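Mapped onto the numbering used here, the consecutive letters of the sequence shown carry residue numbers 515 to 832. Beta carbons: idealized from backbone N, C-alpha and C, even for Gly. These numbers were taken from a predicted model, which means no experiment stands behind them. What follows is a single structure, written as structure tokens, with notes after it.
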Amino acid sequence: MLRAATEAPLGDDVMGEDPTVNALEEFAADLFGKERALFCPTGTMANLAAILSHCHYNKSSEIIIGAKSHINLYEGGGYANIAGVSSKQVVEDENGYMQSGGIRDNYRLDDDDHYAKTTLLCLENTHNMLGGVTLPASYIDQVGNLAHEELGIKVHIDGARLMNSVVKQNISPSDLIAGADSASICLSKALGAPMGSLLVGETEFIRLARRARKRLGGGMRQAGVMASMGMYALTNHVERLAEDHARAERIAAELHNAGFPMPRNGKVDTNILFFALPENSKVTKEELPKLLLDKYNVLIAGGYSKGGGYLGWSHTWM
Ligand SMILES: Cc1ncc(COP(=O)(O)O)c(C=O)c1O
């Protein structure tokens, strides 16, 4: 990966002239089955640029998002305070699904002065706060159909860990997101690149997202240094995600057998797992990270969530 970075041909990507960024964007558009792609510094910016782009021509838009989604909880409310759109939050079930009824109930037409018009629906695949659960193509197609045919709105997927979903379900990336208009994909999480996210969608969507990225300060100059590492991650690390999933499953099984309370009875789909300390635990939540690191070489990211559950997940390798 380092060699790729040092040998990458560079140019000015703000002018569209960095050959390494251009090559990554072309590769990604093809891989994810969309017309164009855009290299962004972070997943948060890619999601925000997607919202700005989808809502560009619709002032007073409203978006439908999952109550536990990253866009709702952990992106600083950027959709509201930067993109200027309001939101309706639909509670996901434990599989990360928002049911069609919930989506329909929260959809608003442009025919009543009381309401903002619904423009966009956002899904998350895999779903972080629900423990890395995967949304299947059948669900994305079904929701895409509802959004496009019945409601006339767009669908964006926050796919920070989309490749984990792809590997787990043994499906091609383009088939998985065919039902959605756009997706963001992080190169810097389980794929192991130091930074970078891709946004994919149709040509006009990406044109507007590129303008949004610039306004957000995300127009990068010799970005090929980073793009080359993203390309390396996409072409060399995807198959290794299965190793990560197996490791997460093994850790989850051990924790569950040792009596640690876990959601979904310890079932882990990909590379995220949640657990709490047993009530009779002799180890405190403060001591646990050091113990796990010293004894098992397991580094815990995160910490005790407000709900009291212990949070362990992988941003890089598990
Ligand atoms: C589901 C999801 N979306 C988006 C992001 C944001 O990515 P970044 O940290 O690159 O802004 C994260 C980060 O953890 C995430 O888990």
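Report the rounded CA-to-CA distance for residue 728 versus residue 596, giving the unit in angstroms. Straight-line Cα distance between these residues: approximately 13 Å.
Anyone know if the C-beta pair for residue 835 and residue 630 falls short of 8 Å? Past the edges of the chain, shown from 515 to 832, lies residue 835, and the structure says nothing about it.
Is it true that the CB of residue 541 sits closer than 8 Å to the CB of residue 745? For residue 745 and residue 541, yes; Cβs fall inside 8 Å.
Which residue marks the beginning of the beta strand (DSSP E) containing residue 517, and which one marks its end? For residue 517, no beta strand (DSSP E) segment is defined; the enclosing uninterrupted segment is the alpha helix (DSSP H) at 516–521.
So which residues put a beta carbon under 5 Å from any heavy atom of ligand 1, going in chain order? Environment of ligand 1, chain-ordered: 556, 557, 558, 584, 642, 672, 674, taking every residue with Cβ within less than 5 Å of a heavy atom.
For a test of the three-state rule: what should DSSP assign to residue 576, helix, strand or coil? Note: residue 576 maps to strand in three-state DSSP.
Where residue 822 sits in the DSSP three-state scheme: Reliability of the predicted coordinates at residue 822 is poor, the pLDDT of 48 falling under 50, and the value obtained from them is presented with this limitation in mind. Note: residue 822 maps to coil in three-state DSSP.
Beta-bridge pairing of residue 633 - partner residues as DSSP gives them: Under DSSP, residue 633 takes part in no beta bridge, so it has no partner.
Give a yes or no on contact between the region 562–571 and the region 752–762, applying the rule of three or more CB pairs nearer than 8 Å. Flag = no, the region 562–571 and the region 752–762 do not touch.
Per DSSP, residue 672 forms a beta bridge with which residues? Per DSSP, 638, 698.
Where the beta strand (DSSP E) containing residue 604 begins and where it ends: Boundaries of the beta strand (DSSP E) harbouring residue 604: 600–604, taken from the DSSP string.
Which whole-angstrom value is the C-beta distance of residue 697 and residue 673, which I expect to be below 8 Å? Indeed, because the Cβ distance is near 4 Å, the residues count as touching under 8 Å.
Return the bridge partner residues of residue 834 from the DSSP annotation. Any answer about residue 834 is impossible in this case: the structure gives the chain only from 515 up to 832.
Do the region 548–564 and the region 763–780 make contact, defined as three or more Cβ pairs closer than 8 Å? Counting C-beta pairs closer than 8 Å gives fewer than three between the region 548–564 and the region 763–780, which falls short of the contact rule.
The region 607–615 in contact with the region 640–650 per 3-pair CB rule at 8 Å: Three or more Cβ pairs drawn from the region 607–615 and the region 640–650 lie within less than 8 Å of each other, which places the two stretches in contact.
Closer than 8 Å is the cut-off here; do at least three beta carbon pairs connect the region 632–643 with the region 652–662? Segments in contact, yes.
CA-CA distance, residue 760 and residue 670? Cα-Cα distance, rounded: 29 Å.
According to the neighbour-count rule (16 or more other Cβ atoms, all chains shown, within 10 Å of its Cβ), is residue 516 buried or exposed? Exposed, because fewer than 16 other Cβ atoms sit within 10 Å of the Cβ of residue 516.
Relative to the C-alpha of residue 794, which residue among 701, 784, 772 is closest? The shortest C-alpha separation from residue 794 is found at 772.
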